[in-house]
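Numbering (this note's numbering), first residue to last: 6 to 73.
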């Protein structure tokens, strides 16, 4: 797997995941929405740690800076 996510993209994903976690912790979101958003948050965190997003590959997106 080749890295295709830049630092800003990774940071935004982690912030969004933390936001979803906070909404769940303070019971702002409930029901089925909780499970959908928590699953999305887990995916965001995992892809941030490995710096690879499979959807980016499908769409040909690369936000990672190329080292020369």
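Just so it is clear, CB atoms sit at the ideal spot from N, CA and C, and this is done for glycine as well. Computed from a predicted structure; not experimentally measured.
| query | result |
| --- | --- |
| Exposed unless 16 or more other CB atoms sit within 10 angstroms - verdict on residue 37 | exposed |
| Cβ contact (3+ pairs, closer than 8 Å) linking the region 52-64 and the region 30-44 | no |
| Simplified DSSP assignment, three categories, for residue 56 | coil |
| Cβ neighbour criterion (16 or more within 10 Å) applied to residue 73 | Because residue 73 sits at a pLDDT of 47, beneath the cut-off of 50, its placement in the model cannot be relied upon, and the point is left open. |
| C-alpha gap between residue 62 and residue 28, whole angstroms | 30 Å |
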